[in-house]
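Numbering (my numbering), first residue to last: 12 to 241.
Every residue gets a Cβ at the ideal spot worked out from N, C-alpha and C, and that includes glycine.
Everything below concerns the one structure shown next.
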Amino acid sequence: MTHTRSRTHTCLGRTRGLALAIAAITLGGCYPGELLNVQDADIVITAFDANFDFSTSLTWGMPDTVVAINVDGSNNLYEHVLDQSILDRVAANMAALGYTRELDVATNGADLVVLVQANVSNNYQAYTYYPYDPYWGSYPGWGFWGGYPGYGGYYPWVGGYPSTVVTNTKTGAVIIEVVDPNVEGPDGEGPTLTVRWGAVLSGLAEGTATDARVARAIDQAFDQSPYLGR
């Protein structure tokens with residue numbers, strides 16, 4: 012049985028850097044060395060503006076694409092294959108919360124706007140080890156192979172050259188932000204896109220059933236945010 016690890020944070024979201032900051036922490040993390048399957052590495056983190064009443068919002072809008080972003084300076088390998096399924100899952104959760112979707116936000120406006128971004132990147136790690144224990148000779152009976160037919164008097168390697176193995180783990184994250192487009196900036200600078208809620212879904216971008224894992228993580232993000240909804 013697999014589980015998605017989750018965390019909830021209470022934050023006052025003043026800028027769009029809220030979820031991106033969480034994403035940077037998440038993508039820079041390490042995964043346990045003995046995962047039973049890729050689902051064991053899935054993490055869902057949410058944060059929200061505790062001073063905002065989500066029940067006062069009626070309408071919401073969302074662009075029809077997932078934006079590929081770089082959060083750690085590396086090349087983004089996200090290929091947009093899951094765009095539609097991600098957007099559909101987010102829309103289904105917003106509808107279940109009682110919000111009405113506005114398809115023409117530019118003309119009619121909306122109380123909330125949902126922005127979805129994604130990142131896939133390679134994470135390389137190098138391990139150095141010695142092929143044989145340099146202290147092998149300290150074990151009784153193993154220091155000198157003279158008693159085995161055909162082995163003569165060979166002594167185990169006690170110095171040797173270290174071997175280095177480089178491994179690559181491909182990790183991915185989906186970042187969902189619910190922003191308030193109606194907050195005016197200082198000195199009439201226009202909307203500030205204040206973040207009211209953010210979610211980061213992070214895991215290994217490998218294995219099978221990626222679509223199902225992402226859908227499950229999106230549902231988890233909304234499920235662990237009971238303050239959302241009409």
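State the CB to CB distance for the pair residue i and residue j, rounded to an integer number of angstroms; the pair is presumed to be in contact (CB under 8 Å).
i	j	result
A232	S213	Actually they do not touch by this definition, with Cβ atoms about 11 Å apart.
V127	V77	5 Å
D122	T70	5 Å
N81	N130	7 Å
Where do the ends of the alpha helix (DSSP H) carrying residue i lie?
i	result
F233	221-234
N104	94-107
Anyone know if the C-beta pair for residue i and residue j falls short of 9 Å?
i	j	result
T180	N133	yes
R100	V225	yes
S66	G209	no
A55	A228	The sequence shown places Val at residue 55, rather than the Ala named in the question. Contact flag set, yes.
D230	R207	no
V194	T205	yes
V124	M105	no
D75	L108	no
For residue i, count neighbouring C-beta atoms within 10 Å of its own C-beta (all shown protein chains included) and say buried if the count is 16 or more, exposed if not.
i	result
A58	buried
S236	buried
H91	exposed
N62	exposed
A216	buried
D64	exposed
What residue range is occupied by the uninterrupted beta strand (DSSP E) comprising residue i?
i	result
S213	205-215
I54	54-60
T118	First-last for T118: 116-119, but that is the alpha helix (DSSP H), not the beta strand (DSSP E).
T70	70-72
Would DSSP call residue i helix, strand or coil?
i	result
N134	strand
D64	coil
D122	coil
P202	strand
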